[in-house]
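Down below is the structure, laid out as structure tokens.
Number of protein chains: 2
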Amino acid sequence: MPTARDVAERAGTSTAVVSYVFNNGPRPVAAATRERVLQAAEELQYRPNVLARALSAGRTLSIGLVVPHIRNPYFAALAEQLEAATRQRDHLLLIGDAGGDADQERAHISSFIGRKVDGLILVSVRDQQALISLDTGGVPVVALHQMPPGSSASSLSISSVDAAREAAQHLVEHGYESIGVLTGPIGSPGTDEHLIGVRQAVAHAPHTRIEHRATPVSRYAARDLLRTWLGSQNRPRSVYCATDEQAFGVLNAAWEAGLAVPDDLAVMGGDGTQDCEVTVPPLTALRRPVADLASRAVELLLDRDPSEGPVHLTLEHDLVCRVSCGC
Amino acid sequence: MPTARDVAERAGTSTAVVSYVFNNGPRPVAAATRERVLQAAEELQYRPNVLARALSAGRTLSIGLVVPHIRNPYFAALAEQLEAATRQRDHLLLIGDAGGDADQERAHISSFIGRKVDGLILVSVRDQQALISLDTGGVPVVALHQMPPGSSASSLSISSVDAAREAAQHLVEHGYESIGVLTGPIGSPGTDEHLIGVRQAVAHAPHTRIEHRATPVSRYAARDLLRTWLGSQNRPRSVYCATDEQAFGVLNAAWEAGLAVPDDLAVMGGDGTQDCEVTVPPLTALRRPVADLASRAVELLLDRDPSEGPVHLTLEHDLVCRVSCGC
DNA sequence: CTGAAAGCGCTTACAG
DNA sequence: CTGAAAGCGCTTACAG
Numbered sequence: 001m002p003t004a005r006d007v008a009e010r011a012g013t014s015t016a017v018v019s020y021v022f023n024n025g026p027r028p029v030a031a032a033t034r035e036r037v038l039q040a041a042e043e044l045q046y047r048p049n050v051l052a053r054a055l056s057a058g059r060t061l062s063i064g065l066v067v068p069h070i071r072n073p074y075f076a077a078l079a080e081q082l083e084a085a086t087r088q089r090d091h092l093l094l095i096g097d098a099g100g101d102a103d104q105e106r107a108h109i110s111s112f113i114g115r116k117v118d119g120l121i122l123v124s125v126r127d128q129q130a131l132i133s134l135d136t137g138g139v140p141v142v143a144l145h146q147m148p149p150g151s152s153a154s155s156l157s158i159s160s161v162d163a164a165r166e167a168a169q170h171l172v173e174h175g176y177e178s179i180g181v182l183t184g185p186i187g188s189p190g191t192d193e194h195l196i197g198v199r200q201a202v203a204h205a206p207h208t209r210i211e212h213r214a215t216p217v218s219r220y221a222a223r224d225l226l227r228t229w230l231g232s233q234n235r236p237r238s239v240y241c242a243t244d245e246q247a248f249g250v251l252n253a254a255w256e257a258g259l260a261v262p263d264d265l266a267v268m269g270g271d272g273t274q275d276c277e278v279t280v281p282p283l284t285a286l287r288r289p290v291a292d293l294a295s296r297a298v299e300l301l302l303d304r305d306p307s308e309g310p311v312h313l314t315l316e317h318d319l320v321c322r323v324s325c326g327c
Numbered sequence: 001m002p003t004a005r006d007v008a009e010r011a012g013t014s015t016a017v018v019s020y021v022f023n024n025g026p027r028p029v030a031a032a033t034r035e036r037v038l039q040a041a042e043e044l045q046y047r048p049n050v051l052a053r054a055l056s057a058g059r060t061l062s063i064g065l066v067v068p069h070i071r072n073p074y075f076a077a078l079a080e081q082l083e084a085a086t087r088q089r090d091h092l093l094l095i096g097d098a099g100g101d102a103d104q105e106r107a108h109i110s111s112f113i114g115r116k117v118d119g120l121i122l123v124s125v126r127d128q129q130a131l132i133s134l135d136t137g138g139v140p141v142v143a144l145h146q147m148p149p150g151s152s153a154s155s156l157s158i159s160s161v162d163a164a165r166e167a168a169q170h171l172v173e174h175g176y177e178s179i180g181v182l183t184g185p186i187g188s189p190g191t192d193e194h195l196i197g198v199r200q201a202v203a204h205a206p207h208t209r210i211e212h213r214a215t216p217v218s219r220y221a222a223r224d225l226l227r228t229w230l231g232s233q234n235r236p237r238s239v240y241c242a243t244d245e246q247a248f249g250v251l252n253a254a255w256e257a258g259l260a261v262p263d264d265l266a267v268m269g270g271d272g273t274q275d276c277e278v279t280v281p282p283l284t285a286l287r288r289p290v291a292d293l294a295s296r297a298v299e300l301l302l303d304r305d306p307s308e309g310p311v312h313l314t315l316e317h318d319l320v321c322r323v324s325c326g327c
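These protein sequence lines map, in sequence, to chains A and B.
Just so you know, we're using UniProt numbering here: the first sequence kicks off at 1 and counts up by one.
Just so you know, we're using UniProt numbering here: the second sequence kicks off at 1 and counts up by one.
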């Protein structure tokens, strides 16, 4: 692989000038010189070594994303939007999949920090408790969920309480006498908020029964749990899921049990990924503003002075009605 | 951020020894010295700068993966398995999403090469024609599909011809008088092979009609096409899809059209992702050996002498029967 | 507008 | 077993 030195020699100039040409600065280069450099680089097939540049300039033009599970379509969609947002800012997105494991998540974070990413976007598998001591060695972090007070990370999220309340309200308005609430594990970000929101909605509908179950955020885990739940005496008339991923499992379990959606069982998802459009039947869901989350996260990392301290923003969500809730 | 120099000073030794401790070599360190170094590193919260290490050692302990679309569950599953395989070898997996775009794919490849990845795993959006001139500047590449002869990249794939033949044979045995074949775009890797395989199967079943359609590899594109196709006079009795992604769209279109699967329309997918378990109804599919592809790909990159030239391996697939084909 | 040189934070022969 | 020093390939003040 040719280096800047090789290019400089061939162009009859110095490595400094090669650097100025490839970075459009910080100093001007005579048009003729620039031409010679470009020419030489072309001939030698020169590609700047990004590592060396990063080491000396202190910026890597990269952003790390760590998600719990890349197979979860919500996180895949997030990755896709972040890819676009970082690309627009001439940065590279590095995606790390934690595989649902806290240690693997830590390893990724640590590895990204070692690689000197310019910023880190995190959806954690760990609970609030564990996130207090998140240490990122000076790299700015944006979490896409609530963060415990005192953390140095910024956060971007929807109001899970409001969202869950609206979702439950919608089910109440349909007249369903019972609502099953399916969330991720107790302690994981958002779980409490979902329950609070649902209870708020039901406070005005005293005849509505609610029942809560938790599973890992996996369609297979959700399906397995629902097999039992739907087979029991007091199976719910409707199920609100904190995530789309779990809702997909519910749809399958209903089908297995011979229950029609929405006539026997109404179902709602909690992310609003595009996948909801093509499930059978299409899935009503709360929708998180994925594109907005992505562009705001990148802005926060790249344009904000970290010394100003963390910022916590709440973004808007909406409810997309499709067949599965009875609309 | 503390550097090796800070640690060395505090431990009363040299940066060389700090390096030996953190890399377990290449030279031995006295137990007492090692202790002091570890102690000092702990106190300072030292994390080696991976960039500097990479620049000087010439290896980054990272592998790049470029996929057409991270939202496609087959590619997400691949990423997940590769993550595990690279982790086992103490390497980091960097995931790049090409967003279905050839330029974006090129940008990712180029960026990974600039970052000096130790190897590159590629699923390309480009057709065979364009891949002839793939230039990776000495970085070893494994493609997870066929590569044009003459390319320097190795490849790992299943036999699409055999797979498609078996799938079509299965549909023929069910007695379906017509098979719709839904593939990715003409010219993209595998498209021809799928058609050849299906034709081979039908050669022995002269009364079976086949008809071919192509869409982008997207469930939404597939759904849109199927809306028309299923509404037409000669809609197929069964559809074999080259990808799961497209099959998901077909299931939805069938539901929209009021057609029961498999009684009115049998459907088969082409990747065999786990998602097929929980569609409504569960999807019969050809299954690609994802875990095997992943571990073999990493082996090829890390254990093979690149000067030996590219190698082309065909891995085993199988057919997983579920409800959607009529089993 | 351009060159010579120091420095980014590591690794690794070269000496001892 | 350990230290002093060169070098990885860039960037960027310092001079001119």
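Positions of the beta carbon are idealized from the N, C-alpha and C atoms, including for glycine.
Just so you know, these numbers come straight off a predicted model, no measurement behind them.
Spatial distance of Pro-310 (chain B) from Thr-183 (chain B) (CA atoms): The alpha-carbon atoms of Pro-310 (chain B) and Thr-183 (chain B) are separated by roughly 28 Å.
First through last residue of the beta strand (DSSP E) which encompasses Glu-211 (chain B): Boundaries of the beta strand (DSSP E) harbouring Glu-211 (chain B): 209-214, taken from the DSSP string.
Listed by chain order, chain A residues near Phe-22 (chain B) by CB distance under 8 Å: The contacting residues do not exist; Phe-22 (chain B) stays about 11 Å from chain A at best.
For Ser-155 (chain A), the three-state DSSP class (helix, strand or coil): In the structure shown, the three-state DSSP call for Ser-155 (chain A) is strand.
Rounded Cβ spacing between Val-278 (chain A) and Gly-249 (chain B) (contact assumed at less than 8 Å): Right, the Cβ-Cβ distance comes to about 6 Å (below 8 Å), so this counts as a contact.
7 Å Cβ cutoff, Asp-97 (chain B) in contact with chain A: At a cut-off of 7 Å, the C-beta of Asp-97 (chain B) has a neighbouring C-beta in chain A.
Nearest-angstrom beta carbon gap, Val-172 (chain A) and Ala-205 (chain A) [assumed within contact, 8 Å]: Contact annotation, Ala-205 (chain A) with Val-172 (chain A): C-beta distance approximately 5 Å; criterion of less than 8 Å satisfied.
Within 7 Å, strictly: CB atoms of His-194 (chain A) and Ser-160 (chain A): In this structure, Ser-160 (chain A) lies closer than 7 Å to His-194 (chain A) by Cβ.
Beta carbon of Ser-62 (chain B) nearer than 7 Å to that of Leu-94 (chain B): Contact flag set, yes.
Segment limits, alpha helix (DSSP H) that includes Gly-249 (chain A): Taken as a continuous stretch (DSSP letters only), the alpha helix (DSSP H) holding Gly-249 (chain A) covers 244-256.
Chain A within 7 Å of Ser-111 (chain B), Cβ atoms only: So, interface residue.
Residue interval of the beta strand (DSSP E) (run including Ala-143 (chain A)): Where Ala-143 (chain A) is concerned, the enclosing beta strand (DSSP E) starts and stops at 141-143.
Buried/exposed call for Asp-275 (chain A), threshold 16 Cβ in 10 Å: Buried is the call here.
Leu-78 (chain A) at chain B interface by Cβ criterion, 7 Å: Judged by the 7 Å Cβ criterion, Leu-78 (chain A) is not in contact with chain B.
Neighbour flag for Ala-54 (chain A) against chain B, beta carbons, 7 Å: Taking 7 Å as the CB threshold, Ala-54 (chain A) lines the interface with chain B.
DSSP-derived helix/strand/coil call for Thr-3 (chain A): For Thr-3 (chain A), the secondary structure class from DSSP, reduced to helix, strand or coil, is coil.
Local conformation of Ser-133 (chain A) per DSSP, three classes: It is coil, neither helix nor strand.
Chain A within 7 Å of Met-1 (chain B), Cβ atoms only: Yes, its Cβ sits closer than 7 Å to a Cβ of chain A.
Gly-269 (chain B) beta carbon less than 7 Å from that of Arg-288 (chain B): Taking 7 Å as the Cβ cut-off, Arg-288 (chain B) and Gly-269 (chain B) do not qualify as a contacting pair.
Helix, strand or coil at Asp-271 (chain A) [DSSP, three-state]: Annotated three-state conformation of Asp-271 (chain A) is coil, per DSSP.
Interface partners of Asn-234 (chain A) on chain B, CB under 9 Å: Taking a Cβ-Cβ threshold of 9 Å, none of the residues of chain B is close to Asn-234 (chain A); the smallest such distance is about 24 Å.
Anticipated Cβ contact below 8 Å, Val-50 (chain B) with Arg-115 (chain A), distance rounded: Rounded, the Cβ-Cβ distance is 5 Å, consistent with contact.
Option nearest Ser-178 (chain B) by Cα separation, candidates B:Leu-134, B:Ala-85 and B:Glu-211: Closest by alpha carbon: B:Glu-211.
Touch test, the region 80-98 of chain B against the region 141-156 of chain B, Cβ-Cβ under 8 Å, three pairs minimum: Touching, no, given that fewer than three Cβ pairs across the two stretches are closer than 8 Å.
The region 238-263 of chain B: positions lying closer than 8 Å to chain A by Cβ: Within the region 238-263 of chain B, the qualifying residues are Phe-248, Gly-249, Leu-251, Asn-252 and Trp-255.
Contacts around Pro-306 (chain B), its chain only, beta-carbon distance under 6 Å, and the 5 residues preceding and following it disregarded: For Pro-306 (chain B), where only same-chain residues beyond five positions count, the Cβ hits under 6 Å are Pro-140.
Test: Glu-42 (chain A) CB closer than 7 Å to a CB of chain B: Not closer than 7 Å to any Cβ of chain B, the Cβ of Glu-42 (chain A) fails to qualify, so no.
Simplified DSSP state of Val-278 (chain A), which is helix, strand or coil: For Val-278 (chain A), the secondary structure class from DSSP, reduced to helix, strand or coil, is helix.
Closer than 7 Å to chain B by CB, Glu-166 (chain A): By this cut-off, Glu-166 (chain A) is not an interface position.
Exposed unless 16 or more other CB atoms sit within 10 angstroms - verdict on Cys-321 (chain B): Residue burial annotation: Cys-321 (chain B) is exposed, with fewer than 16 other C-beta atoms found within 10 angstroms of its C-beta.
Chain A within 7 Å of Ala-121 (chain B), Cβ atoms only: In the sequence on display, residue 121 (chain B) carries Ile and not Ala. Ile-121 (chain B) does not count as touching chain A.
Cβ-heavy atom distance, Ala-247 (chain B) to the ligand HEM, below 6 Å: Ligands are entirely absent from the displayed structure, and the ligand HEM is therefore not among its contents.
Cα-Cα separation, Asp-103 (chain A) to Thr-136 (chain A): Those two C-alpha atoms are separated by around 15 Å.
Members of the region 137-155 of chain B near chain A, C-beta cut-off 8 Å: Per Cβ criterion, the list reads Gly-137 and Gly-138.
Chain-ordered chain A contacts of Ile-132 (chain B) [CB-CB under 8 Å]: Result: empty, since nearest Cβ-Cβ is about 17 Å, beyond 8 Å.
Ala-297 (chain B) to Ser-152 (chain A) span [Cα, whole Å]: The alpha-carbon atoms of Ala-297 (chain B) and Ser-152 (chain A) are separated by roughly 39 Å.
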